[in-house]
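Novice: Numbering (the numbering used here), first residue to last: 37 to 263. Using N, Cα and C, we set each Cβ at its ideal position, and we do this for glycine too.
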């Protein structure tokens, strides 16, 4: 917060920061799974990766994930090198094909991960839990931030014995706080006998604003600096 009396443009100004937080249960999970293939020959690497990716998608569809909830999030081909005694030695090519899988059945996220690994996935990361009402929830947090800023301004004006104009001069919205997510990296071991425990937890949606108010001295005059 800041109180300014210097300069014509900043005379009798209170600047406060408002913060608001809303918690919610997640209702959607997004998981990134995929296959990486490394071979000396590029064509063979592509063909093997395509087969593994197709088997993975088939398994995901077979587990009840609808086609529209499976999308390619990354596909890339990279040259791989070893370094020995300062020399760069070509080792082969690495093909990576990643899919983002979305589900609303949060109780089966662990089973989804296990199914992917058991059917060829050797990459699992970025398990994100979100809420489909995140825009509405953010607006609720924003409303709380506005009220928080207003209360701070009232408290300050009362403390300095000034009259606050409750209508803000400016309101600046901060960056929206990303919804926290869990990240899980699986050891690539097939034949898992128990379901991997994935806990969604609670989501926190945060908003912050900076608000500028004008105030007057209790007698209605504009305060001046005093020596």
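Taking only runs of the alpha helix (DSSP H) that begin and end inside the stretch 48–106, which ones reach a length of at least 4 residues, in chain order?
Specialist: Whole alpha helix (DSSP H) segments, 4+ residues: 78–98.
Novice: My guess is that residue 185 and residue 52 are in contact by the Cβ rule of under 8 Å, so how many angstroms apart are they, rounded?
Specialist: 5 Å
Novice: Would a C-beta distance cut-off of 9 Å place residue 137 and residue 183 closer than the cut-off?
Specialist: no
Novice: Give me, in chain order, the residues of the same chain whose beta-carbon lies closer than 7 Å to that of residue 110; leave out the 5 immediate sequence neighbours on both sides.
Specialist: 132 and 134
Novice: How about residue 50 and residue 168: are their beta carbons less than 9 Å apart?
Specialist: no
Novice: If we call anything under 9 Å between Cβ atoms a contact, is residue 92 one with residue 71?
Specialist: Going by C-beta atoms, residue 92 is nearer than 9 Å to residue 71.
Novice: In the DSSP assignment, find the unbroken beta strand (DSSP E) run with residue 128 in it and report its ends.
Specialist: Looking at the DSSP string, the run of the beta strand (DSSP E) that includes residue 128 is 123–139.
Novice: Under DSSP, the alpha helix (DSSP H) around residue 149 begins and ends at which residues?
Specialist: First-last of the alpha helix (DSSP H) with residue 149: 145–154.
Novice: Use the C-beta contact count for residue 202: other C-beta atoms within 10 angstroms, 16 or more gives buried, fewer gives exposed.
Specialist: exposed
Novice: When you compare each of 232, 242, 198 and 234 to residue 250 by their alpha carbons, which one comes out closest?
Specialist: Just measuring C-alpha positions, the residue of 232, 242, 198 and 234 sitting nearest residue 250 is 198.
Novice: With DSSP as the reference, label residue 182 as helix, strand or coil.
Specialist: helix
Novice: With burial defined as no fewer than 16 other Cβ atoms inside 10 Å of the residue's Cβ, what is the status of residue 225: buried or exposed?
Specialist: Only weak support is given to the placement of residue 225: the predicted model assigns it a pLDDT of 41, under 50, and the value that follows is read from those uncertain coordinates. Under this definition residue 225 is an exposed residue.
Novice: Compute the distance between the beta-carbons of residue 190 and residue 245, then report whether it is under 9 Å.
Specialist: No, these two residues do not count as a Cβ contact at 9 Å.
Novice: What are the partner residues of residue 188, as DSSP defines its beta bridges?
Specialist: Bridge partners of residue 188: none, in fact.
Novice: Does the distance from the C-beta atom of residue 165 to that of residue 233 stay below 9 Å?
Specialist: no
Novice: Three-state secondary structure (DSSP) at residue 199?
Specialist: strand
Novice: Please report how far the alpha carbon of residue 239 lies from the alpha carbon of residue 87, in whole angstroms.
Specialist: 37 Å
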